[in-house]
Structures are given as C-alpha cells and as structure tokens.
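For reference, the structure discussed in these notes is given below.
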Amino acid sequence: MTTWDGAGLTQEDFMHKDECILVDANDNIVGHGSKYDAHRFNNDQPSGILHRAFSVFLFDSQNRLLLQQRAASKITFPSVWTNTCCSHPLYGYQPSEVDTPQDVASGEVPGVKRAAIRKLFHELGIRPEFVPLENFHFLTRLHYCARDGSDGEWGEHEVDYILFLRAKITDTENGDSITTAATLPLDPNPEEVMDTRYVTQEELKQMMDPKSGLLWSPWFRIIAENFLNTWWNDADAVLSRDKRHLETDKVHKIM
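Sequential numbering of the sequence shown, starting at 59, is according to the numbering used here.
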C-alpha cells in the first residue's frame with residue numbers, strides 16, 4: 059500500500075489509477091475496481107458498477123455553504139454546480155480509506171473522512187490542518203444512479219456518504235475558532251474546479267431555480283430536494299456532534 063499522489067496526473071490518469079471500493083446495495087464491500095470500469099455505462103453494465111462515494115458540505119461561521127462548479131475537463135458531469143467536494147474513498151492506500159462495518163456502525167467512518175481531507179486539498183487547496191478528522195460529521199448514506207446524458211457512456215452509481223464540516227480556523231486575537239470566506243484559504247485546482255461560491259439557503263434556492271440556467275450534479279439535486287434544508291436548518295446542532303440526524307443503519311435508495 060502507498061500514499062496517494064495526484065501530482066501531474068490528468069483526469070484520464072485518475073480513471074485508470076484510482077481503485078474504487080465496490081459494494082452491494084446494502085453497502086457491503088464486494089471488491090475493488092478502477093474508476094474507469096465503475097463509471098462506464100454500456101450494454102454490459104447499463105448502470106455502471108455500484109461503489110462508495112462521499113459528499114462534503116462545508117459551512118462557514120455564518121452557516122453559508124461552499125459550492126463548487128466542476129471543471130469543464132471532468133469526465134463525468136463537467137461544468138455543473140455541486141456541493142463543496144464530491145469524490146470517492148479509494149482502495150489500496152495508506153492511511154486506509156476503507157471503512158469496516160464497525161466503522162460505519164460507530165458513525166466515525168474514518169476512511170471516508172480521510173478521503174475527504176485528501177480531496178479537499180487536491181480540488182480546493184484546503185490544507186489538512188484546517189479540516190481535521192474530528193471536524194467532520196457523518197449523517198447518512200444515499201444510494202443513487204445517474205447517467206451523464208440519456209445515452210452517455212459515463213455516469214455515477216454510488217452509495218454516497220454525507221459529511222457536514224466546519225473548518226478549523228483560529229482567530230489569533232481572541233482564540234475563537236471561526237470560518238469565513240475571507241479566512242479559509244482556497245486554491246482551486248483548475249483541472250477539478252471552475253468556480254466556487256459561498257451561499258445562504260435563499261441564495262441557493264435562487265441559483266437552483268430553472269430560470270437561472272445553471273446546471274447541477276444529480277447527487278446534489280437529490281440531496282437538496284430531499285434532505286438538505288432539514289440538515290441546514292439545524293446546522294449548528296449537526297456541526298456540534300449532536301447525533302439527532304445521524305443514521306448509521308440506513309441507506310436511502312433514491313433511484
């Protein structure tokens with residue numbers, strides 16, 4: 059096993075290099091396979107191969123959500139708006155990103171959180187010290203499937219782990235931990251991210267209005283339409299380790 063390093067690699071390189079964690083509909087691990095194989099939709103596998111993923115929702119101290127617009131070079135769902143960071147825990151790396159049933163049952167999911175820290179740095183340049191493991195809050199899992207275009211050759215078929223996060227930024231004057239758009243340093247990777255924006259709930263509603271003409275990732279639309287407002291309305295509790303929204307024994311199937 060080795061440490062993940064994305065330096066100098068293209069989107070095509072990642073499709074063949076990175077190994078997704080393959081699961082069944084109950085999120086039991088059944089193997090591992092390349093991103094290329096897992097995301098390919100064709101006659102032999104019309105829904106790709108089900109695998110683990112995660113979606114990070116990072117909030118600032120005003121409970122504004124950080125969104126990103128995916129780069130035009132992304133192989134799946136390019137140029138769409140989505141939540142802060144969406145990617146996959148991978149097989150075969152250290153520290154391990156493979157969570158056991160016990161990890162899930164405890165609600166800790168350290169593997170998924172490590173993957174999220176890795177990708178927040180890779181995509182947005184957010185340094186690991188600003189997003190320590192203990193600041194992530196796992197809520198639930200969603201099973202969904204979405205093809206990129208009605209006859210596209212790529213898509214997503216995932217058990218998606220939902221993570222809420224407030225970054226750890228210390229105000230040196232009074233020692234308070236705060237997170238604002240001004241204080242959290244971002245350095246988006248142009249191969250991954252086209253744009254970023256912090257939004258309130260009302261601003262997100264306006265952005266998602268069909269009249270805006272903006273495109274959205276299917277997983278974010280599912281989350282926004284079914285879950286997000288409930289969690290967001292209670293964001294302070296969710297981000298303070300309150301467990302009222304934690305679901306360790308459920309996988310929501312939204313197909």
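Note that beta-carbon positions come from the ideal geometry of N, C-alpha and C, so glycine has one too.
Q) Ile236 by DSSP, collapsed to three states: which one? A) By one-based count along the sequence shown, residue 236 stands at place 178. In the three-state scheme derived from DSSP, where H, G and I count as helix and E and B as strand, Ile236 is classed as coil.
Q: Please state if the CB of Phe179 and the CB of Arg185 are separated by a distance shorter than 8 Å.
A: Along the sequence shown, read from residue 1 onward, the residue named residue 185 stands at position 127. Along the sequence shown, read from residue 1 onward, the residue named residue 179 stands at position 121. For the 8 Å CB-CB criterion, Arg185 and Phe179 form a contact.
Q) Which one or two residues does DSSP pair with Gly150 in a beta bridge? A) Your numbering for residue 150 matches position 92 in the sequence shown. According to DSSP, which records beta bridges pairwise, Gly150 is partnered with nothing at all.
Q.
Rounded to the nearest angstrom, what separates Ala295 and Ala163 at their Cα positions?
A. For the purposes of this step, residue 295 is taken as the residue at position 237 of the sequence shown. For the purposes of this step, residue 163 is taken as the residue at position 105 of the sequence shown. Answer to the nearest angstrom: the Cα atoms are 20 Å apart.
Q.
I'd like to check one pair, His74 with Leu200: are the Cβ atoms closer than 8 Å?
A. Along the sequence shown, read from residue 1 onward, the residue named residue 200 stands at position 142. Along the sequence shown, read from residue 1 onward, the residue named residue 74 stands at position 16. Cβ atoms of Leu200 and His74: not closer than 8 Å.
Q. Which of helix, strand or coil does DSSP assign to Arg255?
A. Position 197 of the sequence shown, counted from the start, is the residue given in the question as residue 255. Looking at Arg255 - three-state DSSP - the assignment turns out to be strand.
Q) Given Phe278, which residues of its chain have a CB within under 6 Å of its CB, disregarding the five upstream and five downstream residues? A) As a first step, residue 278 must be located in the sequence shown, where it is residue number 220. The answer, listed in chain order, is Thr140 and Asn141.
Q. On the premise that Tyr202 lies in contact with Ile312, defined as a C-beta separation below 8 Å, what is that separation, rounded to the nearest angstrom?
A. Start at 1 with the first residue of the sequence shown, and residue 312 comes out as number 254. Start at 1 with the first residue of the sequence shown, and residue 202 comes out as number 144. Indeed, because the Cβ distance is near 5 Å, the residues count as touching under 8 Å.
Q) Contact between the region 149–161 and the region 281–297: three or more CB pairs below 8 Å? A) Contact fails: fewer than three Cβ-Cβ distances are below 8 Å.
Q) What residue range is occupied by the uninterrupted beta strand (DSSP E) comprising Pro89? A) As a position in the sequence shown, residue 89 is number 31, starting the count at 1. One point to set straight first is that residue 89 is Gly, not Pro, in the sequence displayed. Its beta strand (DSSP E) spans residues Ile87 to Ser92.
Q. Contact check, Arg356 vs Thr258 under 8 Å by CB: the rounded distance?
A. The structure shown does not extend to residue 356, since the chain is modelled only from 59 through 313, so no value can be given for it.
Q: Give a yes or no on whether the C-beta atoms belonging to Lys93 and Asp71 are separated by under 8 Å.
A: Taking the sequence shown and counting its residues from 1, one reaches residue 93 at position 35. Taking the sequence shown and counting its residues from 1, one reaches residue 71 at position 13. No. Outside cutoff.
Q: Could you spell out the range, first to last residue, of the beta strand (DSSP E) harbouring Lys177?
A: Mapped onto the sequence shown, residue 177 falls at position 119. Run containing Lys177: none in the beta strand (DSSP E); it sits in the alpha helix (DSSP H), Pro168 to Leu182.
Q. For Glu249 versus Thr134, is the C-beta distance shorter than 8 Å?
A. Position 191 of the sequence shown, counting from 1, holds the residue named residue 249. Position 76 of the sequence shown, counting from 1, holds the residue named residue 134. Cβ atoms of Glu249 and Thr134: not closer than 8 Å.
Q.
Measuring only the C-alpha atoms, how far is Gly91 from Asn247?
A. In the sequence shown, residue 91 corresponds to position 33, counting from 1. In the sequence shown, residue 247 corresponds to position 189, counting from 1. About 25 Å.
Q: Pull up the CB-CB distance for Leu244 and Gly183, whole angstroms please, since I reckon it's below 8 Å.
A: Walking along the sequence shown from the start, residue 244 turns up at place 186. Walking along the sequence shown from the start, residue 183 turns up at place 125. Indeed, because the Cβ distance is near 6 Å, the residues count as touching under 8 Å.
Q: Please go through the same chain and pick out, in chain order, the residues whose beta-carbon is closer than 7 Å to the beta-carbon of Phe188, but skip the five residues on each side of it.
A: Numbered from its first residue, the sequence shown carries residue 188 at position 130. Counting only Cβ-Cβ distances below 7 Å, and skipping sequence neighbours, we find Ala225, Lys226, Ile227 and Leu242.
Q | Delimiting residues of the alpha helix (DSSP H) encompassing Arg110 | A | For the purposes of this step, residue 110 is taken as residue 52 along the sequence shown, with counting starting at 1. Annotation: Arg110 is outside any alpha helix (DSSP H); the continuous beta strand (DSSP E) that includes it extends over His109 to Phe117.
(Q) Just verifying my parser: in three-state terms, what is the DSSP assignment at Ala204? (A) Residue numbering aside, residue 204 sits at position 146 when the sequence shown is read from its first letter. Of the three classes helix, strand and coil, the one that applies to Ala204 here is strand, per DSSP.
Q. Who are the near neighbours of Ile175 in its chain, counting only those whose CB is closer than 6 Å to its CB and skipping five residues on each side?
A. Taking the sequence shown and counting its residues from 1, the one referred to as residue 175 is at position 117. The beta carbon of Ile175 sits closer than 6 Å to the beta carbons of Pro186 and Val189 from its chain, once the five residues preceding and following it are set aside; these are given in chain order.
Q.
Let me check understanding here. Comparing Cα to Cα, which of His109, Pro276, Gly165 and Thr238 lies closest to Leu304?
A. Here residue 304 corresponds to residue number 246 of the sequence shown, with the count starting at 1. Selected option, being the one with the closest Cα: Gly165.
**Q.** Option nearest Asp206 by Cα separation, candidates Arg299, Met252 and Ser137
**A.** Taking the sequence shown and counting its residues from 1, the one referred to as residue 206 is at position 148. Checking every option, the nearest Cα to that of Asp206 belongs to Ser137.
Q: On the DSSP bridge assignment, give the partners of Val9 in chain order.
A: No answer is possible for residue 9: it lies beyond the span of the chain, which begins at 59 and ends at 313.
Q) Looking at the unbroken alpha helix (DSSP H) that takes in Val309, where does it start and where does it end? A) Residue 309 sits at position 251 when you count from the first residue of the sequence shown. That residue, Val309, is in no alpha helix (DSSP H); its beta strand (DSSP E) goes Val309 to Lys311.
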